[in-house]
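Colleague: Pasting a structure below so you can have a look.
Residue numbers (my numbering): 299 to 409.
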């Protein structure tokens, strides 16, 4: 397992040799939600508790919880790569957005 998953949130798994402790943070959101544990089970339990606490706090304060990985993001590339991608997309009669999404999908499938 490379990441933890719970209620649509993904959490990292890291190890601190100085503390002999596993720790992580929720990925794909601007806020910081962190958790820790001495064992994998402890880490996963604290991750679940951190998410549940975050969601309960949001509800109690009338705040909409952040949703991770919304499906849109900015990508910065060189002007020449931008031009090549735009021209290839036009040639394929697809939008640049669809062209880039397909390129990402193909790369992700390889991993």
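Glycine included, every Cβ here is placed at the ideal spot set by N, Cα and C. Everything numeric in this text was worked out from a predicted model, so none of it was measured.
Can you have a look at residue 342 and say buried or exposed, based on whether 16 or more other CB atoms are within 10 angstroms of its CB?
Modeller: buried
Colleague: Helix, strand or coil for residue 385 per DSSP?
Modeller: In this structure, residue 385 counts as helix in the three-state DSSP scheme.
Colleague: Contact check, residue 335 vs residue 320 under 8 Å by CB: the rounded distance?
Modeller: Residue 335 to residue 320, Cβ: 5 Å. Contact.
Colleague: List the DSSP bridge partners of residue 332.
Modeller: Residue 332 pairs with 323.
Colleague: Under a Cβ-count criterion, where at least 16 other Cβ atoms within 10 Å of its own Cβ denotes burial, should residue 322 be classed as buried or exposed?
Modeller: The residue is buried, with at least 16 neighbouring Cβ atoms inside 10 Å.
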